[in-house]
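Trainee:
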Amino acid sequence: YRTSTVIGAHGTRVARTPTNQAAADLVRDQRADTWWTPDPASPLEDWWLEIDLGRVVLASRVRLVFADTAGVQPFRFFSVYTSPGLPIAASPQDLYFTRAGGTIKANSSRVVEFDLAARNPSEATGLYLDTSERLSFDPTRFVRFVAEAKLEGAALAEVQVESIGENIALKAT
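Here the sequence shown stands for residues 1 to 173, where the numbers follow this note's numbering.
1) Under three-state DSSP, which class holds GLU148?
2) Go through its chain and collect everything with a Cβ distance to GLU162's Cβ below 6 Å, but skip five positions before and after it.
3) Report all residues from its chain with a CB closer than 8 Å to the CB of GLY153; omit the five preceding and five following residues, and keep chain order.
4) For ASP29, which residues does DSSP report across the bridge?
5) Compare the C-alpha of GLN30 against each of GLN21, LYS105 and LEU64 and name the closest.
6) Assign ILE104 to one of two classes, buried (16 or more other C-beta atoms within 10 Å of its C-beta) or exposed (fewer than that).
7) Within this structure, are the beta carbons of ARG144 and TYR81 separated by less than 8 Å?
8) According to DSSP, what are the bridge partners of GLN73?
9) With a Cβ-Cβ cutoff of 8 Å, do GLU158 and VAL27 count as a contact?
10) Taking the alpha carbon of ASP39 as the reference point, which residue from ILE164, ALA147 and GLN160 has its own alpha carbon closest?
11) In angstroms with no decimal places, state the Cα-to-Cα distance between GLN21 and ALA155.
12) Of all the options ASP33, ASP52 and THR34, which has the alpha carbon lying nearest to the alpha carbon of THR17?
13) Under DSSP, the beta strand (DSSP E) around PHE66 begins and ends at which residues?
14) If distances are taken between C-alpha atoms only, which option among SER108, TRP47, VAL57 and ASP25 comes closest to GLY85?
15) Who are the near neighbours of SER4 in its chain, counting only those whose CB is closer than 6 Å to its CB and skipping five residues on each side?
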């Protein structure tokens, strides 16, 4: 089940958060032994982290890897939102986000994945056309992790986005 909402203004950093910004980029360093954890003294509404993928990708899955070592633990309650980077007409500094998933009961897993899908806008028919109502990907540029309950020692080690295809233009010389 996915809901849509407007969440804050987007920024120019690859990873940004209002709490413990110095550790924000650790969620994309591909290492499980480094992590971001919010400042326990900051209010719950500041316990979020947003990743800018730098371009829109056809994302099929978002994977969260939580730190698993002494003194830190997975976030118990949270949501994950995605956005293709489209601004809200009435407020261009804000982006339109869609909830990709979240917890229903307390999480204790070290790895949590959410499959992404988009509504197929095509009404075309034909022998080789996909006529399903849902596509197995969602155009995504921003991924936002939002903690929904405070838990001292909660840490997020990695935010990974699986995408369909390969962008050969990025490898061109």
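For glycine and all other residues, C-beta sits at the position ideal for the given N, C-alpha and C.
Being a predicted model, the structure only gives us computed values, none of them experimental.
Mentor: Quick answer:
1) GLU148: coil per DSSP, three-state reduction.
2) A distance below 6 Å between beta-carbons, with the five flanking residues on each side excluded, links GLU162 to the following residues of its chain, in chain order: SER60 and ARG61.
3) If we look at GLY153 and ignore the five residues flanking it on each side, its Cβ neighbours are THR37, GLY71, VAL72 and GLN73.
4) Bridge partners of ASP29: none, in fact.
5) Looking from the CA of GLN30, the closest CA among GLN21, LYS105 and LEU64 belongs to LEU64.
6) That one is exposed.
7) Going by beta carbons, ARG144 and TYR81 fall inside the 8 Å limit.
8) Note: GLN73 sits in a beta bridge opposite ALA154.
9) Cβ atoms of GLU158 and VAL27: closer than 8 Å.
10) The option with the nearest alpha carbon to ASP39 is ALA147.
11) The C-alpha of ALA155 is placed about 14 Å away from the C-alpha of GLN21.
12) Considering only alpha carbons, the answer is ASP52.
13) Bounds of the beta strand (DSSP E) holding PHE66 are 48-66.
14) The shortest CA-to-CA distance from GLY85 to any of SER108, TRP47, VAL57 and ASP25 is the one to VAL57.
15) Low per-residue confidence applies at SER4: pLDDT is 38, beneath 50, and the placement is therefore not dependable, though the value from the model is reported in the following sentence. Result list for SER4: THR98, in chain order.
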